[in-house]
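Sequences listed follow chains Y and F, in order. In terms of the numbering used here, the first sequence opens at residue 1 and continues consecutively. In terms of the numbering used here, the second sequence opens at residue 1001 and continues consecutively. Note that the Cβ used here is the ideal one computed from N, Cα and C, for glycine as well.
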Amino acid sequence: MDSALIPKGVKRCPFPQFILFIAIVGAVLLWGVYAMLLCWFKGLNQTNMNDFYGFALWIWADLAVIAVGGGAFFTGLLRYIFGKDELKNIINYAVLIGFICYSSALLILAIDIGQPLRGWFIFWHANVHSMLTEVAFCLSCYFGVLTIEYIPLILENRQINKVPFFHHLGHNMHEIMAVFAATGAFLSFFHQGSLGGVAGVLYGRPFAYREGLFIWPWTFFLFTWSAAACGPCFTILITKITETVTRKKLVKDNAIELLAKISGWMILTYSIAKTADTWHWATVTVPSLGQTLMDFYSNNPFYGIWILILEIAICGFIPAFILITQKGRKNSAALWIAVFLAVTGVCINRWVMVLQIMAIPVLTFENWVMYLPSWQEVATTILPVAYGVILVAFSYRYLPVFPNEPELNPIETLPPEKEKAVEPSVELEKELKPAEA
Amino acid sequence: MKQKKAKKYGMVIDLDKCTGCGSCMVACMAENNVPFRKDESNKVLSITWMRVYKLTNGKPFPNTDICYLPRPCMHCEGQHEGHSPCVSVCPAIATDYSSETGVVSQIYTRCFGCRYCMASCPYHARYFNWWDPVWPDGMEKYLSPNVSPRMRGVVEKCSFCFHRYQLAKEKAFMEGRRELKEDEYQTACTQACPAGAITFGDLNNPNHAVHRMVKPDPKHHGRPTHPNAFRLLERLGTNPKVYYISSRDWVRRAGDNYLEHEAELKQTVHHG
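Listed below in C-alpha cells is the structure:
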C-alpha cells in the first residue's frame, strides 16, 4: 500500500501491522495529550508539585532527555570534526534520537511553566546572569540545528527525492553538514553545561552548590561531560532496541564498537571527575556550611547513600570498565548491560540534581519533604516517549535511516513484472545512495 | 541635589517577645490580598508570605522550651548588591533587587512561572499560585486597591509592603520632602504585632531602631554585632535583611547549621 514510499532495497512489515502498532502507541500519546491539555487549561494544580517542589518530575525528564540526547552532538562532533568515518552509519539515527529528545524537552518546558503564553519572556526580557536563560537560548538554537540535520534525511524519502529541488537541497545540505555539526557541538557544550549550572549556582542549597571556574560551577562541566559520555550509550541502546524489535542487524559492529569505546573512556574520566567533585564537596564545601555528607542521605524514607553508590560506582565505573575493554564491547550481553547502566546513571544524576535538592531541608527547623508525581505528570512525561516511538517508526519505515541496512539484510530479488512496477520514473532515483546526514 | 545614602530596609524580630499569635500572618494576608482556598490544611500548598514556625529545643519535660519564629521574605542582598539567590537566577528579570531600598520585588506580570526562584530560596519564602485566586462572595470589596492580586501560574512573596513605601513617598513628595520619617513606612506585620516583636526600618540609618538593635557590620555584609542577634542561614552568604534576636542559645543555634563540635561562632561565616 505504501511501498512507493519505502526506501529501495529494504523490507518493511505489512502496512496494516504498521498502522496497528502506530494506533497502540498513538493511544498512549493521546493519553499524554489529554493530560497536557488538562495542565494547560486547568493549571499546574493538576500536578503534585508544591511550594517545596517547584522543580519535579518534568524538570528531571527535561534534564534526562537532554543528557541522553547528547549522543547527537557528540557523535556529530566525532564524525564531522574528528573524522571518525565509521560513525557515518549511525549518525542519522543519532540525529533522529537527538531531534526527538530536544523537541520533547521543549514540549515538556512548555507544559511546565505556569504561564505558557508568556514563555517568550525568557528571550525578550532575558536575564543574562541566569543559567536558565542560557539554557533557553542554546536549547532553542540547537533544536534548530538538529532540525537542519534531520531535514536532509527526510528529503531522501523516495518520493520527495524525485523532486529536483529537494534532491539538490538535500545534497547541498549534506555538503555543509560539518558546519552545523560544529555549531551543534558548540551550542550543546553550553546548554548541557548551563543545565548543570542551573543546580550548581544555587548557593542557598548546599546539596546543589558547587564552586567552580569563573562564573561556571563544576556541575557545568560535569553535565556536559556526562552528556557527551552517556549520550552515545543511549544512541547505542536505542539502536539495539530497534534491532531487537525489527529483528534485523541495522548498524555494522565497527560503528557500534567505536562509539562504545569512546563512550567508555568518556564515562571513565567522567566518573573519576565526578568522584573528585563529590569528595571535595563532601569534605570541604559541605562542612564549611555546617553540614555533613550524611545529612543529605539520612533521616528520610528514600534518599540513602545507596543512591550515590548506584550513580557513581554501579552506573559509572562498571559500564566504563566494560566499554573500554575490547572483550566487553564485543560481548553482546555485556554491551547491553553497560549501555543500560550508563543511561541509568546519567538519569539518576539528573534526578538527584533536581528532586533530591528539593527534598532536603536547609532550615534547621524544617523536614525532608517527599513527592510522588500525579498521573497527569506521569502521562505528560510518557507523552514524549510515545511521540519518539512514532517518529522513529515513521522514519525507519520511510527514510533511509540506516545506510548499512540493505547490505546487512539483503532481500530476494523480485519477479521481473513486480520489479517493473516499482521501477523509478525519474532518472534521479538511480543516483540514490544511502543517507549520510 | 546631593544624593542621600541608599536605604536598606530591614526587619528585626525579637523572638523572646513573639507569642506565636499569628497576627502578623493575618495582617499580611489582608494587606497584600494573599489568596487562600477553602481547605488550607496542606501547608506545602498554602501561600503565607509571613509564616510563623514553631521551634522546640527537643528536650523532654520539664526542660522543654519552644520558640515561635515569624519568617517573611529575607530580601537577601547576596555577596554583592543584588546577588540574591532568587534575583540572580530568574531568567526573565521578574524579580529584582532595588539598590534604592534593598527590597527584592516580584513583578507578577513579568513572571512566567518557571519556579527557578523557588528552587533557589533556602527559606521557602516564595510561593506559586497553583490556582487562580477565588474570593468568598463579597470579599473582593475588602481587597486592598494598592496591591494587585496575582493570577494562576506566577510566583509571589513578601514585598515588605512596598506599596506602603510608594504611598509614603508620594505623601512626602506632596509635602515637599525627600526623606521619609521612620514611622512613615512600616509593614503591616510590624504594626499588627501585639507584642511589639517586629521592628522595621532603614538598616543604613543609625537613628533607626533596627540599626540600634542589631548594629549591622558593614564590613561583613551587615552581619549583626549584637551578641543576641542572628540571621537565618548566615553561613550560606545570602546576606538577609531580616534579623532575629533571642537571649536563648538554642534558638540562636537553630538559626543555622553547625557541625556537632562547632560552637555557634560568627567567625565561621563561609562567604565572608
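Going by CA-CA distance only, name the one from the options that's closest to residue i.
i, options, result
"CYS39(Y)", "GLY1153(F), ILE1013(F) and ASN1042(F)", "GLY1153(F)"
"ALA185(Y)", "THR219(Y), GLY76(Y), PHE221(Y) and LEU106(Y)", "GLY76(Y)"
"PHE180(Y)", "GLY114(Y), LEU391(Y) and PHE73(Y)", "PHE73(Y)"
"PHE220(Y)", "ASN157(Y), THR275(Y), PRO232(Y) and GLN192(Y)", "GLN192(Y)"
"ALA105(Y)", "TRP120(Y), VAL68(Y) and GLN115(Y)", "VAL68(Y)"
"LYS1059(F)", "TYR1258(F), TRP1250(F) and ASN1257(F)", "TRP1250(F)"
"ALA334(Y)", "VAL346(Y), PHE321(Y) and THR285(Y)", "PHE321(Y)"
"PHE214(Y)", "HIS129(Y), GLU311(Y) and THR292(Y)", "HIS129(Y)"
"ASN409(Y)", "PHE121(Y), CYS230(Y) and LYS252(Y)", "LYS252(Y)"
"GLN356(Y)", "ALA56(Y), GLN291(Y), LEU78(Y) and VAL401(Y)", "ALA56(Y)"
"GLY264(Y)", "TRP281(Y), CYS233(Y), LEU250(Y) and VAL201(Y)", "CYS233(Y)"
"HIS174(Y)", "SER298(Y), TYR34(Y), ILE91(Y) and VAL339(Y)", "ILE91(Y)"
"SER1046(F)", "PHE1036(F), ARG1235(F), TYR1097(F) and ALA1172(F)", "PHE1036(F)"
"PRO361(Y)", "ASN349(Y), ALA208(Y), SER395(Y) and ILE309(Y)", "ALA208(Y)"
"ASP295(Y)", "GLU1262(F), HIS1261(F), ALA1263(F) and ASN1257(F)", "ASN1257(F)"
"TRP336(Y)", "LEU237(Y), GLU257(Y) and LEU20(Y)", "LEU237(Y)"
"PRO1227(F)", "TYR1108(F), GLN1079(F), ARG1248(F) and THR1101(F)", "ARG1248(F)"
"CYS13(Y)", "ASN331(Y), LEU132(Y), GLY114(Y) and ARG247(Y)", "ARG247(Y)"
"LEU372(Y)", "MET353(Y), PHE302(Y), SER395(Y) and LEU250(Y)", "PHE302(Y)"
"TRP218(Y)", "ALA182(Y), ALA273(Y) and ALA338(Y)", "ALA273(Y)"
"ILE267(Y)", "THR278(Y), ASP277(Y), TYR297(Y) and ILE318(Y)", "ILE318(Y)"
"LEU1203(F)", "CYS1090(F), PRO1149(F), SER1023(F) and GLY1222(F)", "GLY1222(F)"
Would you list the one or two residues that DSSP bridges to residue i?
i, result
"SER1088(F)", "In DSSP, SER1088(F) forms no bridge with anything."
"ARG1051(F)", "ARG1071(F)"
"ARG1223(F)", "ASP1217(F)"
"ASP1202(F)", "TYR1009(F)"
"GLN1106(F)", "THR1095(F)"
"ILE1066(F)", "THR1056(F)"
"LEU213(Y)", "TRP216(Y)"
"PHE1230(F)", "TYR1244(F)"
"VAL28(Y)", "DSSP output for VAL28(Y) lists no bridge partner at all."
"PHE1128(F)", "VAL1155(F)"
"ASP1295(F)", "This structure cannot speak to residue 1295(F), because chain F is shown only from 1001 to 1272."
Suppose you measure from the CA of residue i to the CA of residue j; what does that come to, to the nearest Å?
i, j, result
"GLY388(Y)", "LEU117(Y)", "25 Å"
"PRO384(Y)", "ASN1063(F)", "57 Å"
"MET983(F)", "GLY1255(F)", "Absent from the model: residue 983(F). The displayed extent of chain F is 1001 to 1272, so no value can be given."
"TYR1244(F)", "GLN1186(F)", "17 Å"
"ILE411(Y)", "ILE22(Y)", "25 Å"
"CYS1076(F)", "GLU149(Y)", "45 Å"
"LYS11(Y)", "LEU391(Y)", "18 Å"
"THR242(Y)", "THR285(Y)", "44 Å"
"ASP62(Y)", "GLY290(Y)", "32 Å"
"LEU29(Y)", "TRP306(Y)", "34 Å"
"ALA1209(F)", "GLY1201(F)", "7 Å"
"TRP225(Y)", "LEU202(Y)", "20 Å"
"ARG1110(F)", "THR325(Y)", "53 Å"
"ARG1071(F)", "VAL25(Y)", "49 Å"
"ASP1014(F)", "TYR1165(F)", "23 Å"
"PRO164(Y)", "GLY32(Y)", "39 Å"
"CYS141(Y)", "LEU222(Y)", "22 Å"
"GLY1196(F)", "ALA379(Y)", "51 Å"
"PRO1133(F)", "ILE59(Y)", "26 Å"
"SER271(Y)", "GLY304(Y)", "20 Å"
"ARG1177(F)", "ARG1231(F)", "33 Å"
"TYR93(Y)", "SER194(Y)", "26 Å"
Can you tell me whether residue i is buried or exposed, with buried defined as 16 or more other CB within 10 angstroms of its CB?
i, result
"THR1190(F)", "buried"
"GLN46(Y)", "buried"
"PRO1206(F)", "exposed"
"ASN1042(F)", "exposed"
"ARG1115(F)", "buried"
"PHE137(Y)", "buried"
"TRP375(Y)", "exposed"
"GLU1040(F)", "exposed"
"HIS1124(F)", "buried"
"ILE111(Y)", "buried"
"ASP51(Y)", "buried"
"SER188(Y)", "buried"
"LEU20(Y)", "exposed"
"ASN1239(F)", "buried"
"ALA229(Y)", "buried"
"VAL245(Y)", "exposed"
Completely contained alpha helix (DSSP H) runs for the stretch 353-398 of chain Y, where each covers 4 or more residues: Entirely contained in the stretch 353-398 of chain Y, the alpha helix (DSSP H) runs reaching 4 residues are, in chain order, 375-398.
Every unbroken alpha helix (DSSP H) within the stretch 216-298 of chain Y, with a cutoff of 4 residues, ordered by chain: Fully enclosed alpha helix (DSSP H) runs of 4 or longer: 218-246 and 253-280.
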